[in-house]
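Read through the structure below, which is laid out as structure tokens, and then see the notes.
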Amino acid sequence: MSRAVRVALAVALAGLAALALFTGRRPSGEENRVELTLRPPIAAAFRPDASLRNVTRAPVEYTVLPGPGARGPRRRTLGIGAVDRLVIDQPVEISFDNGRRATTYLVHPEKPYAFRYDENGVIRVYPGSHGRADAADLAPFVPTPPEIVDRMLELAAVGPGDVVYDLGCGDGRMVIAAAKRGARGVGVELDAALLAECRAGAKREGVEHLVRFVEEDALTARLTGATVLALYLLPESLEALAPRFARELPPGARVVSHDFAIPGWEGRLVSKEVMDAADGGREHRILLYRMPGGR
Numbered sequence: 005m006s007r008a009v010r011v012a013l014a015v016a017l018a019g020l021a022a023l024a025l026f027t028g029r030r031p032s033g034e035e036n037r038v039e040l041t042l043r044p045p046i047a048a049a050f051r052p053d054a055s056l057r058n059v060t061r062a063p064v065e066y067t068v069l070p071g072p073g074a075r076g077p078r079r080r081t082l083g084i085g086a087v088d089r090l091v092i093d094q095p096v097e098i099s100f101d102n103g104r105r106a107t108t109y110l111v112h113p114e115k116p117y118a119f120r121y122d123e124n125g126v127i128r129v130y131p132g133s134h135g136r137a138d139a140a141d142l143a144p145f146v147p148t149p150p151e152i153v154d155r156m157l158e159l160a161a162v163g164p165g166d167v168v169y170d171l172g173c174g175d176g177r178m179v180i181a182a183a184k185r186g187a188r189g190v191g192v193e194l195d196a197a198l199l200a201e202c203r204a205g206a207k208r209e210g211v212e213h214l215v216r217f218v219e220e221d222a223l224t225a226r227l228t229g230a231t232v233l234a235l236y237l238l239p240e241s242l243e244a245l246a247p248r249f250a251r252e253l254p255p256g257a258r259v260v261s262h263d264f265a266i267p268g269w270e271g272r273l274v275s276k277e278v279m280d281a282a283d284g285g286r287e288h289r290i291l292l293y294r295m296p297g298g299r
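Under the numbering used here, the residue at position 216 of the sequence shown is numbered 220, and the numbers go up by one with no gaps.
As structure tokens, then:
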């Protein structure tokens, strides 16, 4: 896992640029197709693209630099919550001024990227969780280390009779691990490639009969039957989802969050611990919440 991605998840972002997210609505969905390829246009429809999403609180100006994969320079202004789709068949460089210095990044075909704030409030480019314009980008995909997965499930006392949901389930490791404890599980994910990996992993571990993976926006996914909710999302994403958790989770349901606290849920916090994992030495926080009522 790259240091840049680790930093991306370690920050408390000031907020998604799509302010509508906090009212339960989707981002504006502005989407722009930017033709950059040097090859004949007849083949353009068959070329993959890269996506750039702006999840900051201001428009971002950037430049596509000329090179083997793109004509240029092309200067672009990406609005709040908007997505640019760069039609490329080779990696291209983009540059922008983040307020401190000019910065250059290499963007690859078929990959989603996002302009986000780092822990110092400086705008940088990070891998995105998906490249779609019809759903919020709640967090970049960074796998939870296996020992953290196990501890999260242990703290939540997951076992037979539980239904574990993971919103933004990535490669499905949390749901699969829960199924190996006898629980049923539902993973919600928008990335089709990751969903395929989820299903292959469940089959490989022999738990496909206990799990279900759905391609759906976490902001609208129903938590039907959930007794445990496992989360690895950024703080503003947790804040946006918290009202739905309060409405839809039954009394006594457990919510276990990796690294980030759920804003406003201090009264529901049952335990908090810090542990190390074999992923470069950084500390991981695990926070366990319980819905009022129940046992």
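We treat Cβ as the ideally placed atom computed from N, Cα and C, and that holds for glycine.
Mapping the DSSP letters down to three states, classify residue i as helix, strand or coil.
i    : result
Y293 : strand
R248 : helix
R155 : helix
R286 : coil
G271 : helix
E97  : strand
E240 : helix
Is any beta-carbon of chain B found at less than 9 Å from that of residue i?
i    : result
P255 : Here chain B cannot be found, since the structure has a single protein chain.
When you compare each of the options to residue i by their alpha carbons, which one comes out closest?
i    : options                   : result
R89  : P77, H112, N102 and R105  : H112
R155 : G85, R185 and A62         : R185
A230 : S275, Y236, E209 and P254 : P254
A62  : G189, I127, T108 and G210 : I127
R258 : A106, N58, P149 and L159  : L159
A222 : G83, L194 and G271        : L194
F249 : E277, R226 and P239       : R226
F264 : G172, I290, I152 and R120 : I290
H288 : V260, V232 and G163       : V260
L157 : T67, P267 and H262        : H262
A182 : G85, R104 and Y169        : Y169
I180 : A106, P296 and E209       : E209
L198 : I266, P147, T224 and I152 : P147
State the start and end residues of the unbroken alpha helix (DSSP H) segment that holds residue i.
i    : result
V179 : R177 to A183
G191 : Unbroken run through G191 is the beta strand (DSSP E), R188 to E193; no alpha helix (DSSP H).
A197 : A196 to R208
Can you tell me whether residue i is buried or exposed? The criterion is at least 16 other CB atoms within 10 Å of its CB, across all chains shown.
i    : result
E243 : buried
L110 : exposed
P72  : exposed
N149 : This sequence places Pro at residue 149; Asn is not what is there. P149 is buried by the Cβ-count criterion.
R294 : buried
N124 : exposed
D280 : exposed
G172 : buried
P239 : buried
S99  : exposed
Would you give the residue range spanned by the beta strand (DSSP E) that residue i belongs to?
i    : result
L110 : A106 to V111
V232 : V232 to L235
T228 : No beta strand (DSSP E) holds T228; DSSP gives it neither H nor E.
P59  : Here residue 59 is Val; the residue named in the question, Pro, does not match the sequence. Premise fails: V59 is in no beta strand (DSSP E) and is neither H nor E.
L90  : V87 to V91
T3   : It is not possible to answer for residue 3, since the shown part of the chain is limited to 5 through 299.
D122 : It is not in any beta strand (DSSP E) - D122 carries neither H nor E in the DSSP assignment.
Original post:
Are there three or more Cβ pairs, one per stretch, closer than 8 Å when the stretch 176 to 190 is compared with the stretch 215 to 227?
Top reply: Three or more beta-carbon pairs separated by less than 8 Å link the stretch 176 to 190 to the stretch 215 to 227, which places the two stretches in contact.
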